[in-house]
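Enquirer: Chains as they are written, first to last, in our numbering: chain Z, 19 to 294; chain W, 73 to 314.
Cβ coordinates follow ideal geometry from the N, Cα and C atoms, glycine included.
These numbers come from a predicted model, not from an experiment.
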Amino acid sequence: MSVALAEPAVVAAVADPHVRLTGVTRVFSRRGSTESVHALGPIDLDLMRGEFFSVVGPSGCGKSTLLDVLAGLAKPTEGTAEFEGRPIDGVPAGVGVVFQEDASFPWLTVEDNVAFGLRRAGVDPAEIARRVDYAIGFVGLRGFVDAYPAQLSGGMRQRVCIARTLVTQPRLILLDEPFGALDQQTRLLMGDELLRLWRETAATVLLITHALDEAAMLSDRVGVMSARPGVFIDIVETGWDAERDSRIVSHPRFGDLTGHLWEKLRTESLKHLRDG
Amino acid sequence: MKSAIGSAAVLLVLMLFWQGLHLAVANSSLPSPVTTLVQLVALFGDPDFWKQTSQTAQAFGAAVVLSTVGGIALGVLLGMNRTAGSVSEPILVNLYSLPKVTLYPVVLLVFGLGISARIAFGVMHGMIPLTLFTMNAILQMKPVYRRSAAVMGLSPWQTSVTVVLPAILPEVITGARLGVSLCLLGVLIGEMFAARNGLGYMVMHAMERGDMATVLAVALLLAIFALLVNSALLALDRAWRH
Chain Z
19 MSVALAEPAV VAAVADPHVR LTGVTRVFSR RGSTESVHAL GPIDLDLMRG EFFSVVGPSG
79 CGKSTLLDVL AGLAKPTEGT AEFEGRPIDG VPAGVGVVFQ EDASFPWLTV EDNVAFGLRR
139 AGVDPAEIAR RVDYAIGFVG LRGFVDAYPA QLSGGMRQRV CIARTLVTQP RLILLDEPFG
199 ALDQQTRLLM GDELLRLWRE TAATVLLITH ALDEAAMLSD RVGVMSARPG VFIDIVETGW
259 DAERDSRIVS HPRFGDLTGH LWEKLRTESL KHLRDG
Chain W
73 MKSAIGSAAV LLVLMLFWQG LHLAVANSSL PSPVTTLVQL VALFGDPDFW KQTSQTAQAF
133 GAAVVLSTVG GIALGVLLGM NRTAGSVSEP ILVNLYSLPK VTLYPVVLLV FGLGISARIA
193 FGVMHGMIPL TLFTMNAILQ MKPVYRRSAA VMGLSPWQTS VTVVLPAILP EVITGARLGV
253 SLCLLGVLIG EMFAARNGLG YMVMHAMERG DMATVLAVAL LLAIFALLVN SALLALDRAW
313 RH
């Protein structure tokens with residue numbers, strides 16, 4: 019069964035970016051202090067429609083702040099963030115987010131978790147049933163529709179969250195270290211699922227991760243961020259074809275890519291370590 | 073089931089202790105459990121007792137509804153807004169630590185001698201703890217729930233009702249357990265000090281007449297009632313834990 023979930027890739031001029039960040043800077047004041055923190059930027063970044071872009075960087079470099087700006091959860095202090103040609107103001111329609119922490123609601127079954135957002139949005143019940151069934155099947159949780167998150171493993175709970183994002187038919191999927199809490203084998207397999215999701219939805223993907231191998235294996239391009247305030251110090255093209263999966267970890271270029279990313283990141287991570 | 077056994081065990085130990093105390097004091101100021109039970113059964117046949125009970129039940133019921141609805145609503149409101157929460161928490165805690173009975177004359181002046189004064193006094197006891205429990209539960213809730221709600225485009229109202237309330241329900245039930253027993257306390261104190269009806273009045277009146285069997289019979293009834301309510305809420309609490 020192959021129901022096209024994403025909007026058909028709208029005919030857009032190739033030069034027209036799906037997401038455009040221009041001089042995005044974010045400064046916030048610490049709670050209970052007058053001292054302000056320059057967390058991010060200035061960032062200039064264009065994401066092409068259907069591109070898989072990963073962001074790696076030392077801890078605290080503002081990666082998550084970047085995601086908050088794209089998700090409309092935080093406003094840039096300076097600069098502009100645009101999605102599909104419109105400035106991001108509030109959470110834009112067509113954007114789905116998968117968070118690092120387990121965001122499944124423990125008081126709802128898997129099915130109700132996945133249907134949650136659509137029900138609140140007042141989508142037609144038959145349409146909800148169709149999309150939920152498809153999304154649950156896609157993440158391989160058909161046998162668990164009536165289970166509660168507490169009965170599932172961490173990887174399965176994260177799949178519930180992916181299904182919950184998938185049903186909204188996002189055109190831009192933002193992922194904030196979604197597999198950070200999982201073990202290495204599960205992470206590789208979840209990476210495959212993520213690639214499958216990306217191909218299936220034809221959505222633009224922005225993945226925040228601290229795992230260099232994950233970034234090297236999954237992405238079309240990897241942005242390397244500096245220590246705070248985070249700016250891109252390098253953007254690496256991986257050159258993989260769209261049909262890739264986790265088996266490319268044995269490809270010689272995979273090692274070169276990971277090595278190159280680490281070389282760029284090493285000095286920045288040391289800075290972070292020194293500054294605490 | 074377990075909580076029912078627990079309640080029964082508590083009752084049994086209390087009864088034994090009571091009987092021992094009765095034998096030790098050996099006078100009429102502390103009737104034995106058996107005398108008390110006989111008196112309680114006698115009270116059940118007395119229409120005046122039912123009149124008083126219904127007065128207390130009305131005041132208690134109204135106080136529970138008002139303090140539960142008010143406490144949860146205020147708690148959600150304060151918990152959703154960090155600034156409001158941190159400003160009001162010390163005020164609520166201090167307000168709550170006041171000996172409320174000293175304010176009862178004021179409550180009487182404001183609400184008059186009728187049932188509304190007792191209801192207000194019950195609410196004064198029960199609402200603040202529930203407000204604090206609800207507010208703190210929201211402050212300690214996983215932030216990702218609210219972020220998810222925001223990403224799904226939920227309105228603040230939808231977020232409160234469909235995400236925040238279910239997420240904090242176990243804590244709210246714990247707060248409600250505390251609130252319900254405090255409501256009962258408030259209502260009874262109110263009846264004891266300025267009322268011509270209700271179980272609290274009945275106890276005071278019996279005491280003036282030296283009718284200790286009635287005092288203890290009503291006290292026993294209230295104790296059993298409070299224990300039953302507590303176990304019911306405890307059972308609900310367990311059922312809702314995920």
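Run down chain W in chain order and give the residues with a C-beta less than 9 Å from the C-beta of Z:Val109.
Expert: Per Cβ cutoff of 9 Å: Ala222, Val223, Met224 and Gly225.
Enquirer: When DSSP labels each residue in this structure, what does Z:Val185 get in the three-state scheme?
Expert: Here Z:Val185 sits in coil by DSSP.
Enquirer: Work out the CA separation of Z:Pro188 and Z:Val21 for me, nearest whole Å.
Expert: Here Z:Val21 scores only 45 on pLDDT, less than 50, and its place in the model should not be relied on; the value that follows carries that caveat. Going from the Cα of Z:Val21 to the Cα of Z:Pro188 covers about 15 Å.
Enquirer: Would you mind giving the Cβ-Cβ distance between Z:Val242 and Z:Gly75, rounded to the nearest angstrom? I have them listed as a contact below 8 Å.
Expert: Indeed they touch by this definition, with Cβ atoms about 7 Å apart.
Enquirer: So the candidates are Z:Thr40, Z:Glu119 and Z:His228; which of them puts its Cα closest to the Cα of Z:Ser72?
Expert: For Z:Ser72, the nearest C-alpha among the options comes from Z:His228.
Enquirer: Taking the alpha helix (DSSP H) that W:Arg249 belongs to, which residues open and close that run?
Expert: Here the alpha helix (DSSP H) through W:Arg249 covers Leu237 to Phe265.
Enquirer: When you compare the CB of Z:Asp164 with every CB in chain W, is at least one pair closer than 9 Å?
Expert: No, its Cβ sits nowhere closer than 9 Å to a Cβ of chain W.
Enquirer: Just to confirm my understanding: we take Z:Arg38, look at its own chain, exclude 5 residues before and 5 after, and list those with CB closer than 6 Å. What are they?
Expert: Counting only Cβ-Cβ distances below 6 Å, and skipping sequence neighbours, we find Asp64 and Glu100.
Enquirer: Roughly how many angstroms lie between the CA atoms of W:Leu299 and W:Ile187, to the nearest whole one?
Expert: The straight-line gap from Cα to Cα measures roughly 25 Å.
Enquirer: Distance cutoff 9 Å, beta carbons only. Does W:Arg310 sit that close to anything in chain Z?
Expert: Chain Z, which has no Cβ nearer than 9 Å to the Cβ of W:Arg310, makes this no.
Enquirer: Between which two residues does the beta strand (DSSP E) carrying Z:Gly59 extend?
Expert: Ser54 to Leu65 is the span of the beta strand (DSSP E), which, as asked, contains Z:Gly59.
Enquirer: Helix, strand or coil, according to DSSP, for Z:Ile106 in the structure here?
Expert: Three-state DSSP puts Z:Ile106 in coil, outside helix and strand.
Enquirer: In the DSSP assignment, what are the bridge partners of Z:Asp252?
Expert: Per DSSP, Z:Val242.
Enquirer: Helix, strand or coil, according to DSSP, for W:Asp283 in the structure here?
Expert: W:Asp283: coil per DSSP, three-state reduction.
Enquirer: For W:Ile163, count neighbouring C-beta atoms within 10 Å of its own C-beta (all shown protein chains included) and say buried if the count is 16 or more, exposed if not.
Expert: Exposed: under 16 other Cβ atoms inside 10 Å.
Enquirer: Quick one: residues in its chain with C-beta nearer than 7 Å to the C-beta of Z:Thr40, no 5 flanking neighbours on either side, listed in chain order?
Expert: Result list for Z:Thr40: Asp62, Gly97 and Thr98, in chain order.
Enquirer: At a threshold of 8 Å, does W:Thr174 count as lining the ligand ATP (C-beta to nearest heavy atom)?
Expert: Among the ligands in the structure shown, none appear at all, so the ligand ATP cannot be discussed.
Enquirer: Quick check for students: name the residue ranges of the alpha helix (DSSP H) that lie wholly in the region 152–223 of chain W, counting only runs of 4 or more.
Expert: Runs of the alpha helix (DSSP H) inside the region 152–223 of chain W: 154–169, 176–183, 187–212 and 215–223.
Enquirer: Let me check one thing: in DSSP terms, what residues is Z:Phe71 bridge-paired to?
Expert: Paired residue(s): Z:Leu224 and Z:Arg239.
Enquirer: Can you tell me which residues form a DSSP beta bridge with Z:Asp194?
Expert: Z:Asp194 pairs with Z:Ile226.
Enquirer: What are the residues of the region 101–116 of chain W that lie near chain Z, defined by any Cβ-Cβ distance shorter than 8 Å?
Expert: Here the close residues number zero.
Enquirer: Between which residues of its own chain and W:Leu204 is the CB-CB distance below 8 Å, once the five residues before and five after are set aside?
Expert: These residues qualify, in order along the chain: Gly147, Glu161, Leu164, Val165, Tyr168 and Gly247.
Enquirer: Taking a cut of 8 Å between CB atoms, which residues from the region 127–159 of chain Z lie near chain W?
Expert: Correct list: Phe134, Gly135, Arg138 and Ala139.
Enquirer: Exposed or buried, W:Ser220, counting other C-beta atoms within 10 Å across all chains shown (16 or more means buried)?
Expert: So W:Ser220 ends up on the buried side.
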